[in-house]
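Asks: These protein sequence lines map, in sequence, to chains W and C.
Counted the way the numbering used here counts, the first sequence spans residues 1 to 188.
Counted the way the numbering used here counts, the second sequence spans residues 1001 to 1572.
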Amino acid sequence: MKTYIIPSLKLTGLLILICSALYPLLIAGIAKAAPGGGKGETLEVNGKVVGYAAIGQNFTDEAYFIGRPSAVDYNAAGSCGSNKGASNPDYLASVQARIDTFLVHNPGVDRSQIPAELVTASGSGLDPDITPAAAKIQIKRIAKLRHLEEADLLKLVEKQTEKPLLGLFGVEKINVLKLNIELNKLKQ
Amino acid sequence: MNTELIGVIATFLITVALAIPFGKYMAKVFKGEKSLLDFMAPFERLIFRICGIDPTKQMNWKQHLLALLSINMLWFVYAFIMLLTQGALFLNPDGNPSMSPDLSFNTAISFLVNCNLQHYSGESGLTYLTQLAVITFLQFVSAATGIAALIVVFNAMREKTTEGLGNFFDIFLKSLTRVLLPLSIVVATILAFNGTPASFDGKDTLVNLQGDTVQVSRGPAAGMIAIKHLGTNGGGWFGANSSHPLENPNYLTNMVEMIVQVLIPIALIFTLGFYLNRKKLAYVIFGVMTFGMLTFLIPTLIAEVNGNPAITQMGVNQSMGSMEGKEVRFGSWASAYWSIVTTIISTGSVNSMHDSSMPVSGSMQLLGMMTNAFYGGCGVGILNYYIFIIIAVFISGLMVGRTPEFLGRKIEAREMKIASFIALLHPLLILAGTALSSYVNVNHANADWAVKPGNWLNNPGYHGFSEMLYEYTSSAANNGSGFEGLGDNNLFWNITTGFVLILGRFLPIIGPIAIAGLLARKKYIPESAGTLRTDTGTFGIMTYAVIMIIAALAFFPALVLGPFAEYFSLYF
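(1) Would you identify the three-state DSSP class for residue 50 (chain W), choosing helix, strand or coil?
(2) Using only CA atoms, which one of C:1502, C:1439 and C:1466 lies nearest to residue 1563 (chain C)?
(3) Let me check one thing: in DSSP terms, what residues is residue 174 (chain W) bridge-paired to?
(4) Residues of chain C with CB closer than 7 Å to the CB of residue 138 (chain W), please, in chain order.
(5) Looking only at C-alpha atoms, which of C:1493, C:1310 and C:1091 sits nearest to residue 1437 (chain C)?
(6) Using beta-carbon positions only, say whether residue 1073 (chain C) and residue 1133 (chain C) come within less than 8 Å of one another.
(7) Check whether the Cβ of residue 12 (chain W) lies closer than 8 Å to any Cβ atom in chain C.
(8) So what's residue 60 (chain W) in DSSP terms, helix, strand or just coil?
(9) Please determine, among C:1147, C:1199 and C:1047, the residue with the shortest C-alpha to C-alpha distance to residue 34 (chain W).
(10) Looking only at its chain, what residues have a beta carbon closer than 8 Å to the beta carbon of residue 1194 (chain C), apart from the 5 residues adjacent to it on each side?
(11) Quick one: using the 10 Å Cβ neighbour count with 16 as the cut-off for buried, is residue 7 (chain W) buried or exposed?
(12) Between residue 156 (chain W) and the rest of its own chain, which residues show a CB-CB distance below 8 Å, the 5 nearest in sequence each way excluded?
(13) Residue 1553 (chain C) lies in the alpha helix (DSSP H); which residues open and close that run?
(14) Can you check whether the C-beta of residue 173 (chain W) is within less than 8 Å of a C-beta belonging to chain C?
(15) Give the residues from the segment 1337-1362 of chain C that approach chain W closer than 8 Å (Cβ to any Cβ), ordered along the chain.
(16) In angstroms with no decimal places, state the Cα-to-Cα distance between residue 1078 (chain C) and residue 1094 (chain C).
(17) By DSSP's criteria, residue 1216 (chain C) is part of a beta bridge. Which residues make up the other side?
(18) If contacts are defined as beta-carbon pairs under 8 Å, then residue 1480 (chain C) and residue 1117 (chain C) qualify, I think. What distance do you get, rounded to the angstrom?
(19) Below 8 Å on the Cβ atoms is my contact criterion, and I expect residue 1316 (chain C) with residue 114 (chain W) to pass it. Report the Cβ-Cβ distance as a whole number of Å.
(20) What does the alpha-carbon distance come out to for the pair residue 97 (chain W) and residue 69 (chain W)?
(21) Does residue 40 (chain W) have its Cβ less than 8 Å from a Cβ in chain C?
(22) Tell me which residue opens and which closes the alpha helix (DSSP H) that residue 1044 (chain C) is part of.
(23) The beta strand (DSSP E) that contains residue 42 (chain W), what's its start and end?
(24) Less than 8 Å between CB atoms is the rule here; does residue 84 (chain W) satisfy it with respect to chain C?
(25) Can you tell which of C:1185, C:1187 and C:1301 has its C-alpha closest to the C-alpha of residue 1009 (chain C)?
(26) Beta-carbon separation of residue 126 (chain W) and residue 139 (chain W) under 8 Å?
(27) I need the straight-line Cα distance from residue 1175 (chain C) to residue 1399 (chain C), nearest angstrom please.
(28) With a 10 Å radius around its C-beta and 16 neighbouring C-beta atoms as the bar for buried, classify residue 49 (chain W) as buried or exposed.
(29) Closer than 8 Å by C-beta to residue 1370 (chain C): which residues in its own chain qualify, once you throw out the five before and the five after it? Chain order, please.
(30) Within 10 angstroms of its Cβ, does residue 1439 (chain C) collect 16 or more other Cβ (buried), or is it exposed?
(31) If contacts are defined as beta-carbon pairs under 8 Å, then residue 1231 (chain C) and residue 1168 (chain C) qualify, I think. What distance do you get, rounded to the angstrom?
(32) Please compile the residues from chain C whose C-beta is within a distance smaller than 7 Å of the C-beta of residue 180 (chain W).
(33) Identify which residue in C:1323, C:1531 and C:1548 has its Cα closest to the Cα of residue 116 (chain W).
(34) Relative to chain C, which residues along the segment 63-82 of chain W have a C-beta separation below 8 Å, given in chain order?
(35) Taking a contact to mean a Cβ-Cβ separation below 8 Å, would you say residue 2 (chain W) touches residue 1052 (chain C) in this structure?
(36) If you follow the alpha helix (DSSP H) that residue 969 (chain C) is part of, which residue opens it and which one closes it?
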């Protein structure tokens, strides 16, 4: 064993230099050319940063489109899911409560229209997206609160819908923060 | 046509299409033939000169193991000390504290053994220094260790009778300079251009659209996330791993991360074919492993896509599938696919929370780790499979009355004893651990510990038992994913899983190298009409049966108590 210790020590030192210093510095350098410069892409309103494009936000104000439930209340200093099991009775009761709450705040919406993702928590607690269906069932409420035409809101939702990758792979989705930024721009 | 399904199929096909040429490339690299990155050679020679290593010196199997274990031991001591003192060291913009001794112990081992079980959350549990100099470093070298161990076994499988199986340091360094580092640079660049942070800026504080003040954790994450997948490590920069929108920003990065985590394990199967010039054997192994993956994948897809029956009863629309613990940008198809890929190979990164998977999916994820031989981790996957080949050869030999031989060498009692020991070690570690924790959880629920054993579980009933079973399965398989509801950052879990991790890593490396080394010394017997052929479909089915029967016999009772019972309570 002794024959290997000294060479191993030296090799370890060199590899720490390569893998833990040179490599991340190289990537940081390359990332300077990327959108956001490797610091994360931000969104601005009137020159002021209002959030990160990738990170969901907590919308408690009903005049905004709301995102999915979050186990960390969208505080991106941390991240996690609820880790509730599918058969957990407390969990199922809380999903039921979210459905009931949603129905109270969105009169005229039928229970069967509520997409399950709007009443179940995301994996990271920071999910920035909802499905088009989840946006559309909120139109009625927002139109009423903001005195806007439902047709205009529908147009906005459709414009903000991102197609699957290359139109082939994955899901259609809407970034809630981007949608709400555009929503604020709509005139009454 | 369903774009989510197409996404999954395309991901798999791209993986295989890349793995074949890449497997060929690795065979050339380790054979010492001309290959693309030969310009690295002077750089490698310089490293060896500084370290005083002669890379041409041949080692026998014992010397290989000695070198491997010595350098691993050094890394453990280094990582342990760094984690214990990180709070006082530099590159800590968020001011995170040092780890407790038991958490340092667990974390150092976990990353050393390529498992990446995380009993902390990256945002608050590590500093940028330890993320890079401990975590990223170990992710590189533990993957290279696995590849080096496998190439040693390949060397032993060659036709000539030999003691010399190559030089450990030479193979190890080439795995880094010719395989892991260049690929990591490519993948990290893709991630960075899709929104993963790579700069050294600390946590950001801002006022959001609604007017609340919020924080966003960041850091030089892109490089780490690349090697975390390429090296089948799996430990995330952020707590939520690859479900975090900065760690895995969109469907493209999700495809890339899914492809690269299984790229090297699949490519190494083809490397075997090119390296030993036994392509048919490689195709049979690939076929068996792919069939094994589908055995677990199809039930998982069906369960996740159809959603939670208890939520269906509430009358809402579950057309997206079961979405608790999943992200909208991936959807349930890609999340289900990822959950199986990450558990059959030993990555253990997640893009959805496995704790919230349907019971069928949970049992398939568990089985993926319990078999631990379909594709498998970087290098070690084929080592595990090798053990099952030895057992299958022995059993088939007995069945048809031929001397058990593999690649021209007789398998005798000594090799068989080692193989049986390794095959049985895995269930022993998992079941003994789960039994112990269940006992403590029930009989000492109120023990005066930092976290009372009665409060370990995040879910009641069968699912709570599954959380403990999953933790030990993940540790023994060196996987690293978890049913993360488990309250695992405390003395009991840190210490017990720490020991399971070490045993579950090094014995399954020592065993196959010892067997291969012993076999290589024996006389080579050319194949004849009387030889049991191991590169046929029949033998493939036999190996598959051995793997599944061992798993079923060992784990069926535990699975019944956990996910199966939950399934029946939920659906009937």
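Glycine included, each C-beta is placed from N, C-alpha and C at the ideal position.
Replies: A quick look at the data gives this:
(1) Here residue 50 (chain W) refers to the residue found at position 50 of the first sequence. Residue 50 (chain W): strand per DSSP, three-state reduction.
(2) Within the second sequence, the letter at position 563 stands for residue 1563 (chain C). Selected option, being the one with the closest Cα: C:1466.
(3) By 1-based counting over the first sequence, the position of residue 174 (chain W) is 174. According to DSSP, residue 174 (chain W) bridges with W:130.
(4) Counting from one through the first sequence, the residue named residue 138 (chain W) turns up at place 138. By Cβ distance, chain C contributes nothing, its closest Cβ being about 14 Å from residue 138 (chain W), past 7 Å.
(5) What you label residue 1437 (chain C) is simply residue 437 of the second sequence in a count that begins at 1. Of the candidates C:1493, C:1310 and C:1091, the one whose C-alpha sits nearest the C-alpha of residue 1437 (chain C) is C:1493.
(6) Start at 1 with the first residue of the second sequence, and residue 1073 (chain C) comes out as number 73. Start at 1 with the first residue of the second sequence, and residue 1133 (chain C) comes out as number 133. No; because the gap between Cβ atoms is not below 8 Å, this pair is not in contact.
(7) Stepping through the first sequence from its first residue, residue 12 (chain W) is reached at position 12. Chain C, which has a Cβ nearer than 8 Å to the Cβ of residue 12 (chain W), makes this yes.
(8) For the purposes of this step, residue 60 (chain W) is taken as the residue at position 60 of the first sequence. Reduced to three states, the DSSP call for residue 60 (chain W) is coil.
(9) Taking the first sequence and counting its residues from 1, one reaches residue 34 (chain W) at position 34. For the residues C:1147, C:1199 and C:1047, the minimum Cα distance to residue 34 (chain W) belongs to C:1199.
(10) In the second sequence, the residue the question calls residue 1194 (chain C) occupies position 194. Contacts found: 1249, 1250, 1252 and 1253.
(11) By 1-based counting over the first sequence, the position of residue 7 (chain W) is 7. Buried.
(12) Counting from one through the first sequence, the residue named residue 156 (chain W) turns up at place 156. Contacts found: 179, 182, 183 and 186.
(13) Translated into the one-based positions of the second sequence, residue 1553 (chain C) becomes position 553. Element bounds for residue 1553 (chain C): 1537-1559.
(14) Here residue 173 (chain W) refers to the residue found at position 173 of the first sequence. Closer than 8 Å to some Cβ of chain C, the Cβ of residue 173 (chain W) qualifies, so yes.
(15) 1350, 1351, 1352, 1353, 1355, 1356, 1357, 1358 and 1359
(16) Position 78 of the second sequence, counted from the start, is the residue given in the question as residue 1078 (chain C). Position 94 of the second sequence, counted from the start, is the residue given in the question as residue 1094 (chain C). Looking at the two C-alpha atoms, the distance is approximately 23 Å.
(17) Taking the first residue of the second sequence as position 1, residue 1216 (chain C) is located at position 216. Residue 1216 (chain C) is bridged to W:76 and C:1204.
(18) Residue numbering aside, residue 1480 (chain C) sits at position 480 when the second sequence is read from its first letter. Residue numbering aside, residue 1117 (chain C) sits at position 117 when the second sequence is read from its first letter. Rounded, the Cβ-Cβ distance is 5 Å, consistent with contact.
(19) The sequence position of residue 1316 (chain C) within the second sequence is 316, counting from 1. The sequence position of residue 114 (chain W) within the first sequence is 114, counting from 1. That pair is a contact at about 4 Å.
(20) As a first step, residue 97 (chain W) must be located in the first sequence, where it is residue number 97. As a first step, residue 69 (chain W) must be located in the first sequence, where it is residue number 69. Between residue 97 (chain W) and residue 69 (chain W), the C-alpha separation is close to 12 Å.
(21) To locate residue 40 (chain W), count along the first sequence from 1; it is residue 40. Chain C, which has a Cβ nearer than 8 Å to the Cβ of residue 40 (chain W), makes this yes.
(22) Walking along the second sequence from the start, residue 1044 (chain C) turns up at place 44. Start and end: 1041-1051.
(23) Position 42 of the first sequence, counted from the start, is the residue given in the question as residue 42 (chain W). It spans 42-45 - the beta strand (DSSP E) in which residue 42 (chain W) sits, taken as one unbroken run.
(24) Indexing the first sequence from 1 puts residue 84 (chain W) at position 84. Chain C, which has a Cβ nearer than 8 Å to the Cβ of residue 84 (chain W), makes this yes.
(25) Taking the first residue of the second sequence as 1, we reach residue 1009 (chain C) at position 9. For residue 1009 (chain C), the nearest C-alpha among the options comes from C:1301.
(26) Your numbering for residue 126 (chain W) matches position 126 in the first sequence. Your numbering for residue 139 (chain W) matches position 139 in the first sequence. No, the pair does not count as a contact, with Cβ atoms beyond the cut-off.
(27) By 1-based counting over the second sequence, the position of residue 1175 (chain C) is 175. By 1-based counting over the second sequence, the position of residue 1399 (chain C) is 399. Looking at the two C-alpha atoms, the distance is approximately 40 Å.
(28) On the first sequence, position 49 is the one that residue 49 (chain W) refers to. Exposed, since its Cβ has fewer than 16 Cβ neighbours within 10 Å.
(29) By 1-based counting over the second sequence, the position of residue 1370 (chain C) is 370. Once the five neighbours on either side are set aside, the close Cβ partners of residue 1370 (chain C) are 1426, 1427, 1430, 1473, 1477, 1551, 1554 and 1555.
(30) Residue mapping note: residue 1439 (chain C) aligns to position 439 of the second sequence, counting from 1. When all chains shown are included, residue 1439 (chain C) counts as exposed.
(31) Residue 1231 (chain C) sits at position 231 when you count from the first residue of the second sequence. Residue 1168 (chain C) sits at position 168 when you count from the first residue of the second sequence. Not a contact, Cβ separation roughly 18 Å.
(32) In the first sequence, the residue the question calls residue 180 (chain W) occupies position 180. Here the neighbours are 1209.
(33) Indexing the first sequence from 1 puts residue 116 (chain W) at position 116. Comparing Cα-Cα distances from residue 116 (chain W) to each of C:1323, C:1531 and C:1548, the minimum goes to C:1323.
(34) 64, 68, 74, 75, 76, 77, 78, 79, 80, 81 and 82
(35) On the first sequence, position 2 is the one that residue 2 (chain W) refers to. On the second sequence, position 52 is the one that residue 1052 (chain C) refers to. Taking 8 Å as the Cβ cut-off, residue 2 (chain W) and residue 1052 (chain C) do not qualify as a contacting pair.
(36) Any answer about residue 969 (chain C) is impossible in this case: the structure gives chain C only from 1001 up to 1572.
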